[in-house]
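Residue numbers (this note's numbering): 10 to 233.
Notes to accompany the following structure.
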């Protein structure tokens with residue numbers, strides 16, 4: 010059985026830089042509705058987060074959330090809560106963030122936020138909820154959620170264990186692209202599953218399912 014402590018690292022590292030870019034763009038779009046003091050508060054929070062001063066960033070983002078309709082600052086509050094192992098608080102923050110993102114049209118952040126919500130559920134021991142989040146974000150084309158979903162299928166957390174679906178989702182995540190380290194890990198697990206499925210006579214079925222998922226969630230290509 011795999012150890013799930015790597016889940017949060019996968020998501021937090023993958024979104025760190027992109028989330029800051031989205032955050033800055035979103036706040037820029039909203040700035041015409043903010044006062045100068047609100048804009049300064051948000052920029053200070055971003056800078057504190059960027060240098061990993063999470064205590065200061067948490068305080069500033071909490072002050073910023075009432076003025077941020079994009080939901081991105083609420084997302085960052087959730088991430089910092091997760092870093093502090095305050096998973097129930099993180100779950101609450103991610104849910105608020107998702108609602109704001111949907112209402113404001115900040116759609117680019119939604120798959121990552123759903124995946125982060127799943128990670129918080131995972132650490133809180135709510136594996137059925139985590140599985141549902143990973144599956145939703147995976148179907149939106151987010152490779153790290155696809156990886157996490159594959160891992161859940163592989164070990165049977167929140168869902169009945171299924172090597173065929175695990176292989177298929179690992180294949181899609183690898184094809185979509187992960188960080189170098191995570192790509193290497195996914196490929197090693199996929200190779201292990203290949204041996205298992207080959208011994209079971211199920212490898213062809215797993216490859217066909219991988220192609221099916223890939224065509225659904227990453228259009229215009231196929232896995233060779």
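Yeah, the Cβ is synthetic: ideal placement off N, Cα and C, and Gly gets one too.
Option in the options with minimal Cα separation from residue i
i, options, result
"residue 67", "91, 79, 78", "91"
"residue 226", "116, 52, 217, 185", "185"
"residue 236", "203, 199, 127, 151", "Outside the shown range of the chain, which is 10 to 233, sits residue 236, and nothing can be said about it."
"residue 58", "76, 77, 86", "86"
"residue 224", "210, 150, 154, 54", "150"
"residue 65", "52, 198, 109", "52"
"residue 76", "60, 94, 113, 61", "113"
Same chain only: Cβ atoms within 8 Å of residue i, ignoring 5 sequence neighbours per side
i, result
"residue 41", "The predicted model places residue 41 with a pLDDT of 47, which falls under 50 and marks its position as unreliable, so this point remains unresolved."
"residue 156", "19, 178, 179, 182, 187, 191, 195"
"residue 222", "177, 178, 180, 181"
"residue 107", "80, 119, 122, 123, 126"
Assigned secondary structure, residue i (DSSP; H/G/I helix, E/B strand, else coil)
i, result
"residue 187", "coil"
"residue 165", "coil"
"residue 97", "helix"
"residue 211", "coil"
"residue 227", "coil"
"residue 137", "helix"
"residue 77", "coil"
"residue 42", "The pLDDT assigned to residue 42 is 46, lower than 50, so where the model puts this residue is not dependable, and the model offers no usable value."
"residue 149", "coil"
"residue 86", "helix"
"residue 220", "helix"
"residue 203", "helix"
"residue 114", "coil"
"residue 91", "helix"
"residue 60", "coil"
Cβ neighbours of residue i in the same chain (closer than 6 Å, five flanking residues each side left out)
i, result
"residue 158", "143, 144, 147, 178"
"residue 163", "175"
"residue 105", "83"
"residue 217", "none"
"residue 139", "127, 130, 131, 167"
"residue 98", "90"
7 Å Cβ shell around residue i - same chain, five flanking residues per side excluded
i, result
"residue 115", "35, 79, 80, 81"
"residue 50", "69, 72, 73"
"residue 63", "89, 92"
Beta-carbon spacing of residue i, residue j below 8 Å
i, j, result
"residue 168", "residue 161", "yes"
"residue 141", "residue 173", "no"
Beta-carbon separation (whole angstroms), residue i vs residue j, contact threshold 8 Å
i, j, result
"residue 125", "residue 88", "7 Å"
"residue 96", "residue 133", "4 Å"
Short CB-CB distance (under 8 Å) between residue i and chain D
i, result
"residue 59", "Absence of chain D from the displayed structure is noted, only one protein chain being present."
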